[in-house]
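Participant:
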(Lines of atoms letter the chains of each structure in order from A and count residues from 1; the text may use other names and numbers.)
(Lines give C-alpha, C1' and ligand atoms only; values in the text may rest on other atoms or scores of the structure.)
Protein backbone atom coordinates (compact mmCIF):
# COMPACT_ATOMS: atom_id res chain seq x y z
CA UNK A 1 0.00 0.00 0.00
CA UNK A 2 1.45 3.35 -1.00
CA UNK A 3 1.36 6.53 1.06
CA UNK A 4 -1.34 8.00 -1.16
CA UNK A 5 -3.58 4.99 -0.67
CA UNK A 6 -2.95 5.03 3.07
CA UNK A 7 -3.84 8.71 3.43
CA UNK A 8 -7.13 8.37 1.53
CA UNK A 9 -8.24 5.33 3.52
CA UNK A 10 -11.33 6.01 5.74
CA UNK A 11 -9.44 4.72 8.78
CA UNK A 12 -6.74 7.32 8.15
CA UNK A 13 -9.32 10.07 8.67
CA UNK A 14 -10.16 8.64 12.09
CA UNK A 15 -6.54 8.96 13.17
CA UNK A 16 -5.99 12.32 11.47
CA UNK A 17 -5.68 14.99 14.17
CA UNK A 18 -6.43 17.83 11.79
CA UNK A 19 -9.97 16.54 11.24
CA UNK A 20 -12.68 16.98 13.87
CA UNK A 21 -13.67 13.70 15.52
CA UNK A 22 -17.37 14.53 15.33
CA UNK A 23 -17.18 15.02 11.57
CA UNK A 24 -18.11 18.71 11.63
CA UNK A 25 -16.04 21.46 10.11
CA UNK A 26 -13.52 22.88 12.60
CA UNK A 27 -13.97 26.38 11.21
CA UNK A 28 -17.47 26.70 12.74
CA UNK A 29 -17.21 29.13 15.64
CA UNK A 30 -19.55 28.97 18.59
CA UNK A 31 -19.62 32.75 19.13
CA UNK A 32 -20.41 32.20 22.77
CA UNK A 33 -19.32 33.86 25.97
CA UNK A 34 -16.87 31.13 26.90
CA UNK A 35 -15.22 27.95 25.70
CA UNK A 36 -18.14 25.69 26.70
CA UNK A 37 -21.02 28.03 25.99
CA UNK A 38 -23.01 27.36 22.81
CA UNK A 39 -24.93 30.61 22.93
CA UNK A 40 -24.14 34.26 23.29
CA UNK A 41 -24.59 36.16 26.52
CA UNK A 42 -27.35 38.20 24.84
CA UNK A 43 -29.32 34.99 24.24
CA UNK A 44 -28.98 33.97 27.88
CA UNK A 45 -30.14 37.41 29.06
CA UNK A 46 -33.15 37.24 26.75
CA UNK A 47 -34.12 33.83 28.13
CA UNK A 48 -33.73 35.09 31.70
CA UNK A 49 -35.99 38.06 30.99
CA UNK A 50 -38.67 35.87 29.39
CA UNK A 51 -38.86 33.26 32.15
CA UNK A 52 -37.40 34.46 35.46
CA UNK A 53 -36.57 31.78 38.01
CA UNK A 54 -38.84 31.97 41.04
CA UNK A 55 -38.07 29.42 43.75
CA UNK A 56 -41.13 27.71 45.19
CA UNK A 57 -41.50 28.03 48.94
CA UNK A 58 -40.94 24.81 50.84
CA UNK A 59 -43.40 24.15 53.62
CA UNK A 60 -42.16 22.08 56.55
CA UNK A 61 -43.63 18.61 56.91
CA UNK A 62 -46.00 18.37 59.86
CA UNK A 63 -45.58 15.10 61.73
CA UNK A 64 -48.55 13.50 63.41
CA UNK A 65 -48.43 12.82 67.14
CA UNK A 66 -47.77 9.13 66.43
CA UNK A 67 -44.87 9.91 64.09
CA UNK A 68 -43.43 12.45 66.55
CA UNK A 69 -43.57 9.85 69.35
CA UNK A 70 -41.84 7.28 67.10
CA UNK A 71 -39.07 9.76 66.35
CA UNK A 72 -38.56 10.61 70.03
CA UNK A 73 -38.48 6.90 70.93
CA UNK A 74 -35.90 6.20 68.22
CA UNK A 75 -33.69 9.05 69.42
CA UNK A 76 -33.99 7.82 73.01
CA UNK A 77 -32.95 4.31 71.95
CA UNK A 78 -29.83 5.65 70.28
CA UNK A 79 -29.01 8.03 73.14
CA UNK A 80 -29.28 5.20 75.66
CA UNK A 81 -26.87 3.06 73.66
CA UNK A 82 -24.43 5.93 73.32
CA UNK A 83 -24.45 6.42 77.09
CA UNK A 84 -23.52 2.80 77.77
CA UNK A 85 -26.91 1.12 77.67
CA UNK A 86 -27.54 -2.26 76.04
CA UNK A 87 -26.98 -2.45 72.29
CA UNK A 88 -30.13 -3.78 70.63
CA UNK A 89 -29.64 -4.12 66.87
CA UNK A 90 -33.24 -5.20 66.36
CA UNK A 91 -34.54 -1.98 67.94
CA UNK A 92 -32.16 0.09 65.82
CA UNK A 93 -33.35 -1.59 62.63
CA UNK A 94 -37.03 -1.18 63.53
CA UNK A 95 -36.66 2.50 64.38
CA UNK A 96 -34.24 3.58 61.65
CA UNK A 97 -37.00 5.05 59.45
CA UNK A 98 -38.03 7.43 62.24
CA UNK A 99 -34.69 9.23 62.40
CA UNK A 100 -33.86 9.11 58.69
CA UNK A 101 -33.18 12.39 56.93
CA UNK A 102 -35.95 12.04 54.37
CA UNK A 103 -39.65 11.99 55.22
CA UNK A 104 -41.69 8.84 54.55
CA UNK A 105 -43.20 8.57 51.07
CA UNK A 106 -46.74 8.45 52.40
CA UNK A 107 -48.43 8.67 55.76
CA UNK A 108 -49.34 4.97 55.55
CA UNK A 109 -45.68 3.86 55.64
CA UNK A 110 -44.99 5.21 59.13
CA UNK A 111 -44.95 2.33 61.62
CA UNK A 112 -44.67 3.01 65.35
CA UNK A 113 -41.56 1.70 67.09
CA UNK A 114 -42.18 -1.41 69.18
CA UNK A 115 -39.43 -2.91 71.28
CA UNK A 116 -39.89 -6.46 72.45
CA UNK A 117 -38.35 -7.54 75.74
CA UNK A 118 -37.00 -10.77 74.23
CA UNK A 119 -34.53 -9.11 71.85
CA UNK A 120 -31.88 -11.67 70.97
CA UNK A 121 -29.02 -9.28 70.08
CA UNK A 122 -28.35 -7.51 73.36
CA UNK A 123 -24.91 -6.67 74.70
CA UNK A 124 -23.31 -3.84 76.59
CA UNK A 125 -21.77 -1.15 74.45
CA UNK A 126 -18.07 -0.83 75.17
CA UNK A 127 -16.89 2.01 72.99
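Numbering (UniProt numbering), first residue to last: 1 to 127. We put the CB at the ideal spot given by N, CA and C, even for glycine. Everything numeric in this text was worked out from a predicted model, so none of it was measured.
If we count Cβ pairs, one from each stretch, closer than 8 Å, do we get three or more for the segment 57 to 65 versus the segment 76 to 86?
Facilitator: They do not touch, by the three-pair rule.
Participant: According to DSSP, is residue 63 part of a helix, a strand, or is it coil?
Facilitator: The residue labelled residue 63 in the question sits at position 63 within the chain shown. Residue 63: coil per DSSP, three-state reduction.
Participant: Are residue 77 and residue 100 closer than 9 Å when you measure CB to CB?
Facilitator: Position 77 of the chain shown, counted from the start, is the residue given in the question as residue 77. Position 100 of the chain shown, counted from the start, is the residue given in the question as residue 100. No, they are not a contact pair.
Participant: Quick check on DSSP: helix, strand or coil for residue 86?
Facilitator: Counting from 1 along the chain shown, the entry for residue 86 is found at position 86. DSSP places residue 86 in strand when its eight states are reduced to three.
Participant: Kindly list the residues whose CB is nearer than 7 Å to the CB of residue 5, restricted to its own chain and excluding five residues on each side of it in sequence; keep chain order.
Facilitator: Here residue 5 refers to the residue found at position 5 of the chain shown. Cβ neighbours of residue 5 beyond the five flanking positions: none.
Participant: Between residue 40 and chain D, is the shortest Cβ-Cβ distance under 9 Å, so that the two count as touching?
Facilitator: Of the protein chains in the structure, only one exists, and it is not chain D.
Participant: Exposed or buried, residue 46, counting other C-beta atoms within 10 Å across all chains shown (16 or more means buried)?
Facilitator: What you label residue 46 is simply residue 46 of the chain shown in a count that begins at 1. By the neighbour-count rule (16 or more Cβ atoms within 10 Å), residue 46 is not buried but exposed.
Participant: In whole angstroms, give me the CA-to-CA distance for residue 21 and residue 15.
Facilitator: On the chain shown, residue 21 is found 21 positions in, with the first residue counted as 1. On the chain shown, residue 15 is found 15 positions in, with the first residue counted as 1. Roughly 9 Å between the two C-alpha positions.
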